[in-house]
Amino acid sequence: MSSLRVKAYAKVNLGLEVLGPRPDGYHEVVTVLQTVSLWDELSVEKAETISLECDDPTLSGPDNLVVRAADAVLQAWGQKAGARIVLNKHIPTAAGLGGGSADAAAALKALSQLWKARMPEETLRAVAGPLGTDVPFFLRGGTALAQGRGERLTYLPPARALRMVLVVPPVFVPDKTRLLYSRLRPEHFSHGGRTKELARSLQAGLPPPEELMVNSFEQVAFQVFTGLEEAWNALERAGGGRVHLTGAGPSIFSLVTDQSAGQEIVARLLREGHRAYLLHVVNPAVTLR
């Protein structure tokens, strides 16, 4: 095998509660992660050295998680190899959708297969962890409860055929996750009970109760993201149900009852100039072709 093409799917957080700060400087979280039908594409082929080309030139440098993932595979494998990696971005960056982590996980799986490194799943997970908290989740994708810093994963049965309208406000805030955490105060923390109950509902094969789909960052996100309120109100006006923030934002989503209703909502949002998508849940996070 001399080349591979890979899809790397985005995620939404169906629920996310921040429990409070930890002694190591991180925060304790409880979250339910779900991969959805918005993806980046990677092509990998054997080469003398590792190189990355991206249709977004700002992401082509050596600090890209994809390049770091390639280096991590080589270090864990203990061999020398090269690859030409081409990344086509469709997942909005820094939007709470996990695009960079999804790309890193896709690169780990694709390159280990391209190079015939034959790395077992537990080794890939160990390699993925230092690249980012969400990267181990994206190795498998689907539906999962994440705890601790987000690294303790409990995989759940695939969520029912959920559909959602996603809106990505046109706002970029540097280092926004750290900024949002810094805005959280003790009254914003919780015990994670609602998200754990959400996970139990999904474990039982039930649709997610929206009253359990909470996100601690919603309490401070409007202070940080200019334009979030406008997008939030637009999604509500367009006919979306309850609106939810995903991750640390600024992307928001609303569950819809069926394809037709979702298409109508997206069409209205697009006419108003918003960046909107109609998505459904998918498994797995990485598709090799």
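Each residue of the sequence shown is one higher than the one before, counting from 12 in the numbering used here. By construction, the Cβ of each residue, glycine as well, lies at the ideal position given by its N, Cα and C atoms.
Limits of the unbroken alpha helix (DSSP H) element including residue i
i	result
V277	270-282
Q214	204-214
L246	239-248
V146	146-151
A301	Nothing about residue 301 can be reported from this structure: the residues present for the chain run from 12 to 300 only.
R194	187-194
C-alpha gap between residue i and residue j, whole angstroms
i	j	result
V138	L280	40 Å
S71	I61	12 Å
M224	R194	21 Å
P32	V176	32 Å
T188	G36	14 Å
K100	W50	8 Å
R253	L135	37 Å
A121	V77	11 Å
L150	A113	8 Å
A128	G251	46 Å
Q214	L167	6 Å
L156	A21	16 Å
A87	V293	30 Å
L119	P169	23 Å
R248	E275	12 Å
S14	D145	26 Å
Assumed close pair residue i, residue j - CB separation to whole angstroms, cut-off 8 Å
i	j	result
L266	V235	Wrong, their Cβ atoms sit about 24 Å apart, outside the cutoff.
V43	L25	4 Å
N75	L63	6 Å
V178	S262	7 Å
K207	V41	6 Å
For residue i, the first and last residue of its enclosing beta strand (DSSP E)
i	result
N24	14-32
Q45	38-58
A105	Run containing A105: none; DSSP gives neither H nor E here.
F264	263-267
T69	Run containing T69: none; DSSP gives neither H nor E here.
T154	154-159
N99	93-99
T165	163-167
A287	287-291
R174	174-178
Option in the options with minimal Cα separation from residue i
i	options	result
K321	V47, G31, E52, L25	A question about residue 321 goes unanswered here, because the residues of the chain that appear run from 12 up to 300.
A259	P180, E247, P141	P180
E5	A272, Q230, A92	No answer is possible for residue 5: it lies beyond the span of the chain, which begins at 12 and ends at 300.
A242	F264, L44, Y166	F264
A115	E133, L217, L142	L142
Y288	P295, R282, A118, V277	V277
H285	A245, G252, T257	A245
G109	L63, P147, G251, E221	P147
R171	R16, V47, A249, L15	V47
Q270	L256, L290, R282, Q124	L290
G238	V184, Q274, G159	V184
L98	M130, R16, G159	R16
R196	H255, H38, L217	H38
P34	E28, A272, E132, R160	R160
M130	Q90, Q158, R163	Q90
P218	F228, T154, K57, E240	T154
Where residue i falls, given that 16 or more other Cβ within 10 Å makes a residue buried
i	result
N226	buried
Q45	buried
R282	exposed
R174	buried
T165	exposed
H255	buried
P103	buried
Neighbour flag for residue i against chain D, beta carbons, 7 Å
i	result
L119	This model lacks chain D altogether; it includes just one protein chain.
beta-carbon residue i near the ligand ADP non-hydrogen atom, thresh 6 Å
i	result
E222	The ligand ADP is absent from the structure shown, which contains no ligand whatsoever.
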